[in-house]
Structures are given as structure tokens and as C-alpha cells.
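Read through the structure below, which is laid out as C-alpha cells, and then see the notes.
In our numbering, the protein residues as written are 134 to 341.
As C-alpha cells, this is what we get:
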């Protein structure tokens, strides 16, 4: 069984939640053949009954309290200060970039794959972002089909694996995703990790 918990705050900025949850549910049900998947907003998540289950937490610690609980228990060199993402390895702070018209043009996300700290036999997958598009970018990484490449970047020498990704946002859509830090090496990767939506033309070509 897998429980998905997501932010209970749904507003204009979070217009991508439906597609993000659909993609994650499809990954679990169709690709990974998980037959028992439950979707909860955190305000309705039965914490005492399901906190030890296999969990997918969508959203950062500001709005998703399940995410906040996991981050307090997991030892990873990544943390949030409000909506700012901070790397304890490089000391870099990642903030959403907004253009002069108030539109998000660059967002950052965090992927964490780890044993559930409340029961080690269960697992937790966390998809967090400085804003919604960062979460969507992490979802793209998980559903892109580049499993081997993702595994290589996350590394295999630790049970708690993580990555920070940077997303270009065009017209409220995640156009390209790049790994910038990960448990695989902890530093900027030489090769960008491109995930493009094939239904959009306004996407920078791989190699730029």
C-alpha cells in the first residue's frame, strides 16, 4: 500500500497539482504495479494510522506537515527556511525567480528517496519545491523514464538519496529540468538532465 499526502493549500499558484498527482498515481499504479494507492491532503491524513506506511509526500514543509515530520527525522544536507531551499553542502540558497510581470521563470525542487524514519521497512518518497513548479519538476524526473540516469545521479552508496533540481518555467509550464546537487556527488553535475514536454515547442534544446 502507498499513501500520497499533498499540500492542503490549493490556490491559483497551485494549478499544477492535478496533473502532478495524476502523473504520480500513474507511476505507482501502471509502471510500478502498486495496486493499493490512497490520496490524502494532509489536513485529512490519518497520521496515527498511516505514518508508518510507504509514503509519497508532495509539497514542501510549509504546507505539507507530513513532509515537515519526515524532514525532522531524516538526516539530509538540505533544508527549508520558509520557501528558501538551503544546501548545507555548498551553502547555496535556492529561491524562486520571478520576472517583472510577476511570473515564475525558474523554480527549484528536491527529491528524497529514503526509508521511512517511523518504520525502516517502509519507504518515503518526497517531492518538494520552493514553489509548485519545483514539485512538478521532481515529478518529471520520476516519470521521465530515465531510471538508470536518475539512479546514477542519486548514487547507490547510501540508503537516503536526494537531489536538488532546477526547472525552467515557460508560461506556467515546466520546460526543462536539471540536476544541480545530489547525493551522487553533492556538487553541480557537468551534464544537464533535460526533461522536456513533447507537447510544447517553446523548449530549449538539449545541449544548451
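Even glycine gets a Cβ: it sits at the ideal position worked out from N, Cα and C.
Suppose contacts are defined by Cβ-Cβ distances below 7 angstroms. Is residue i in contact with residue j by that definition?
i, j, result
"residue 193", "residue 213", "yes"
"residue 301", "residue 309", "yes"
"residue 298", "residue 242", "yes"
"residue 287", "residue 315", "yes"
"residue 296", "residue 244", "yes"
"residue 201", "residue 190", "no"
"residue 277", "residue 260", "no"
"residue 266", "residue 240", "yes"
Mapping DSSP to helix, strand and coil, what is residue i?
i, result
"residue 293", "coil"
"residue 188", "strand"
"residue 108", "Nothing about residue 108 can be reported from this structure: the residues present for the chain run from 134 to 341 only."
"residue 340", "Note that residue 340 scores a pLDDT of 35, beneath 50, so its modelled location is shaky; the value from the coordinates is reported in the next line. In this structure, residue 340 counts as coil in the three-state DSSP scheme."
By Cβ distance below 8 angstroms, which residues in the same chain neighbour residue i in space, the five residues on each side in sequence not counted?
i, result
"residue 256", "187, 188, 246, 247, 248 and 249"
"residue 216", "193, 195, 228, 229, 263 and 264"
"residue 232", "238"
"residue 165", "Reliability of the predicted coordinates at residue 165 is poor, the pLDDT of 48 falling under 50, and no value is obtained from them."
"residue 234", "none"
Who are the near neighbours of residue i in its chain, counting only those whose CB is closer than 6 angstroms to its CB and skipping five residues on each side?
i, result
"residue 184", "251"
"residue 305", "none"
"residue 206", "250"
Who are residue i's beta bridge partners in DSSP?
i, result
"residue 300", "240 and 310"
"residue 315", "296"
What does a CB cutoff of less than 7 angstroms around residue i pick up in its chain, not counting 5 residues either side in sequence?
i, result
"residue 210", "220, 221 and 222"
"residue 203", "190, 250, 257 and 259"
Checklist line | Sequence ranges, alpha helix (DSSP H) only - wholly within the region 206-285, length at least 4 | finding: 265-276
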